[in-house]
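Working notes, beginning with the structure itself.
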DNA sequence: GGCACGCAATGAACCGTTTCATGCGGTTCG
DNA sequence: CGAACCGCATGAAACGGTTCATTGCGTGCC
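Chains as they are written, first to last, in our numbering: chain A, 1 to 346; chain B, 347 to 692.
Put into structure tokens, the structure is as follows:
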């Protein structure tokens with residue numbers, strides 16, 4: 001079935017026979033290992049060319065390494081993740097490694113696990129993952145056998161590396177900006193409970209906690225308003241409509257990430273374009289003049305690059321964990337402005 | 347190196363010993379093959395659980411199949427491709443197959459080849475690819491050993507399947523719409539020569555050819571204006587600025603795809619917001635009210651789904667090729683309107 | 001001229017799984 | 001009661017690479 005028509009592809013054995021040498025010799029030429037003469041190299045090279053030979057990575061992986069890195073991604077629709085991918089891809093350019101990407105799927109709860117396991121089962125030499133939800137214990141166990149770099153986790157494991165943005169600081173920048181503009185009635189649009197469980201240390205939980213802290217500290221504790229939303233901008237749109245149906249709707253919305261912010265913008269455009277919206281991630285469309293979304297930049301591309309570099313270091317032998325924090329910055333654009341003159345709160 | 351700390355993971359051998367049975371028996375239980383007693387199943391199951399055993403796919407792939415499908419994608423920044431990915435992912439939900447994604451990279455010219463080869467080398471059971479540029483001969487050769495479905499190719503191979511939008515029809519819809527609105531000075535913003543070589547049958551070449559034909563047929567042959575752009579909306583932005591610097595700038599721009607259209611919109615917003623812009627792919631942001639881009643919908647998500655289904659059929663044994671054409675439709679939005687009253691052409 | 005030495009090349013073992021040809025004990029049928 | 005049969009389990013041979021210990025051979029040294 002694997003070769004419906006045509007004969008089966010050449011193996012290292014065939015190459016060896018054609019070149020009149022041993023399998024071991026061919027293997028050495030392939031990996032251009034030490035101790036192979038010039039004549040051998042050219043003869044074997046010719047045979048490889050002639051037979052159109054390509055080594056099976058699966059066979060190679062059984063003893064040596066697979067020269068394959070895996071990266072797990074929650075969702076392709078969210079541009080932040082594709083920025084990370086872009087960074088990872090460029091970081092691998094020129095190396096012998098190939099990147100394979102596993103989308104998280106497999107029913108709620110199991111989301112990240114399935115994909116990461118699928119990668120590990122395929123004998124990748126290392127894994128980069130964006131999974132705030134998987135348990136630390138489980139990761140620790142996995143890390144015993146496979147080098148791992150986690151993105152967006154604030155826990156400091158002994159056995160895997162992390163690359164993470166300073167989510168508290170990022171949220172603080174947003175709140176400072178909005179409060180500075182004069183907003184008091186600021187709502188926070190965020191994801192479901194499972195991603196924002198207090199104390200879980202997920203990015204979204206930290207942003208949420210910082211939001212509440214900022215509101216409280218600025219004396220607006222009574223105006224705290226948290227609106228939940230599912231993933232995706234459509235869900236965010238609907239959630240925002242619900243939010244805006246309040247008796248006293250907010251004058252500004254701090255969205256947990258840009259995907260949500262895009263949905264919020266859509267709703268705001270319909271209901272009251274005067275309402276300010278700020279996001280998080282500084283996704284590419286945020287800079288488009290028609291959108292012009294104020295957002296926190298946490299350098300997704302650079303995060304992807306760093307993650308891959310850390311992973312390669314690990315594979316090369318490093319064993320002390322590295323936990324890298326990327327400092328966010330706020331990019332102010334047109335979607336935020338002082339509150340429009342409205343009636344003061346009751 | 348593969349297990350820096352901790353002992354090595356359990357193998358099928360360990361499970362067999364623990365359960366007091368043969369390796370072959372365990373293997374059968376794993377694949378729940380025919381001919382294994384209830385007692386055996388439970389005993390082996392317990393051992394697997396106890397040892398936390400997971401089969402190595404690499405080893406499995408050496409004899410049987412890898413239960414892994416590969417998909418090659420040119421660019422993550424272009425949302426059309428991530429829509430295809432989303433479709434492919436959902437089509438695989440519930441099956442035993444895992445999707446691995448290889449981003450095209452590896453220097454100009456080699457782009458698609460490298461990634462597709464990397465997938466084939468990893469013994470995937472089948473490949474979906476979006477590579478207008480790779481040669482038909484090369485694909486035919488590859489298809490002898492690996493089932494393949496190509497997206498966006500208009501050639502009708504005997505050995506691989508294709509899923510493709512009707513690009514001529516899509517472009518015709520756009521031109522009909524723009525001409526119907528009263529535009530005559532319509533420019534076409536497209537990619538570099540290599541992707542649009544006349545007669546190459548790539549989607550972009552067909553859109554370009556249809557554009558020229560429509561202009562000619564409508565008596566506007568003298569107003570044909572083709573502007574090249576690199577990949578990405580930034581490049582499109584710059585190219586559009588150049589286009590708008592013409593003595594007689596166009597009143598409407600037909601962009602080869604939405605990524606280009608987004609760049610064009612950016613430039614248009616700065617120079618003359620009255621200029622109409624239409625795109626192709628109906629990417630998600632196109633529907634955002636702030637963008638509101640008229641675009642051709644070719645159902646990227648469904649394309650991804652169909653491609654995976656065709657691939658699974660092939661793997662299951664089908665040998666006659668299938669070539670599926672997806673009919674496009676035009677989604678009219680705010681970015682196109684009648685030409686603003688301007689001075690008539692000289 | 002003999003000996004130790006270093007480089008090239010080799011044969012065989014190994015990696016972890018699937019598959020195939022057999023073995024084995026117990027029923028069913030003639 | 002023996003033969004054919006059946007369901008379950010097994011040992012051994014693949015699969016296609018890598019790695020390790022060993023051999024063969026030409027050199028330099030004393």
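Ideal Cβ placement from N, Cα and C applies to all residues, glycine included.
Because the structure is a prediction, the values reported are computed rather than measured.
- Across the set B/502, B/618 and B/421, the C-alpha of B/421 shows the shortest separation from the C-alpha of residue 85 of chain A.
- For residue 57 of chain A, the nearest CB of chain B lies under 8 angstroms from its own CB, placing it at the interface with that chain.
- Under the Cβ criterion of 8 angstroms, residue 183 of chain A is not counted among the residues facing chain B.
- Contact annotation: the segment 270-277 of chain A touches the segment 244-261 of chain A, with at least three C-beta pairs closer than 8 angstroms.
- At least one C-beta of chain B is nearer than 8 angstroms to the C-beta of residue 66 of chain A.
- Spanning the alpha carbons of residue 681 of chain B and residue 572 of chain B requires a straight line of approximately 20 angstroms.
- Taking a beta-carbon distance threshold of 8 angstroms, residue 15 of chain A does not count as an interface residue toward chain B.
- Contiguous alpha helix (DSSP H) elements confined to the segment 544-595 of chain B occur at 549-563 and 579-590, taking only those with 4 or more residues.
- Judged by DSSP in its simplified three-state form, residue 324 of chain A adopts strand.
- Residue pairing for residue 150 of chain A: DSSP places it in a beta bridge opposite A/129 and A/162.
- Looking from the CA of residue 63 of chain A, the closest CA among B/404, B/410 and B/409 belongs to B/404.
- Residue 428 of chain B belongs to the set of residues whose beta carbon lies under 8 angstroms from a beta carbon in chain A.
- The beta-carbon of residue 439 of chain B is placed less than 8 angstroms from the nearest beta-carbon of chain A.
- Excluding residues up to 5 positions away in sequence, 233 lie with their Cβ nearer than 6 angstroms to the Cβ of residue 262 of chain A in the same chain.
- Going by beta carbons, residue 124 of chain A and residue 214 of chain A fall outside the 8 angstroms limit.
- Between the beta-carbon of residue 585 of chain B and that of residue 524 of chain B there is about 19 angstroms, and that puts the pair past the 8 angstroms contact cut.
- The alpha helix (DSSP H) runs of length 4 or more contained entirely in the segment 382-465 of chain B are, from start to end of the chain, 384-397, 403-409 and 425-438.
- With a cutoff of 8 angstroms on beta-carbon distance, residue 449 of chain B and residue 549 of chain B are scored as not near each other.
- Not one beta carbon of chain B lies nearer than 8 angstroms to the beta carbon of residue 333 of chain A.
- The segment 88-96 of chain A and the segment 26-42 of chain A do not touch, with fewer than 3 CB-CB distances between them shorter than 8 angstroms.
- Linking residue 588 of chain B to residue 629 of chain B through their CA atoms gives a straight-line distance of about 25 angstroms.
- Exclusion of the five residues before and after residue 163 of chain A leaves 151, 303, 306, 307 and 324 as the residues of its chain whose Cβ lies within less than 6 angstroms of its Cβ.
- Here residue 161 of chain A is near residue 149 of chain A, since their CB atoms are less than 8 angstroms apart.
- Under the three-state reduction of DSSP, residue 14 of chain A is assigned to helix.
- Pairing residue 134 of chain A with residue 153 of chain A, the inter-Cα distance amounts to about 10 angstroms.
- Secondary structure of residue 379 of chain B (DSSP, three-state): coil.
- Bounds of any beta strand (DSSP E) do not take in residue 177 of chain A; it lies within the alpha helix (DSSP H) bounded by 167-180.
- Taking 8 angstroms as the cut-off, the Cβ atoms of residue 463 of chain B and residue 531 of chain B do not count as close.
- Residue range 186-190 is occupied by the beta strand (DSSP E) that includes residue 190 of chain A.
- Contact of residue 100 of chain A with chain B by beta-carbon distance below 7 angstroms involves 446, 447 and 448.
- With a cutoff of 8 angstroms on beta-carbon distance, residue 656 of chain B and residue 668 of chain B are scored as near each other.
- For residue 408 of chain B, the closest Cβ of chain A is nearer than 8 angstroms.
- Taking 7 angstroms as the upper bound on Cβ-Cβ separation, chain A lies near no residue of the segment 366-388 of chain B.
- The C-beta distance from residue 212 of chain A to residue 224 of chain A rounds to 6 angstroms, short enough to fall under 8 angstroms.
- Going by beta carbons, residue 126 of chain A and residue 100 of chain A fall outside the 8 angstroms limit.
- Membership of residue 308 of chain A in the alpha helix (DSSP H) is indicated by the continuous run 300-316.
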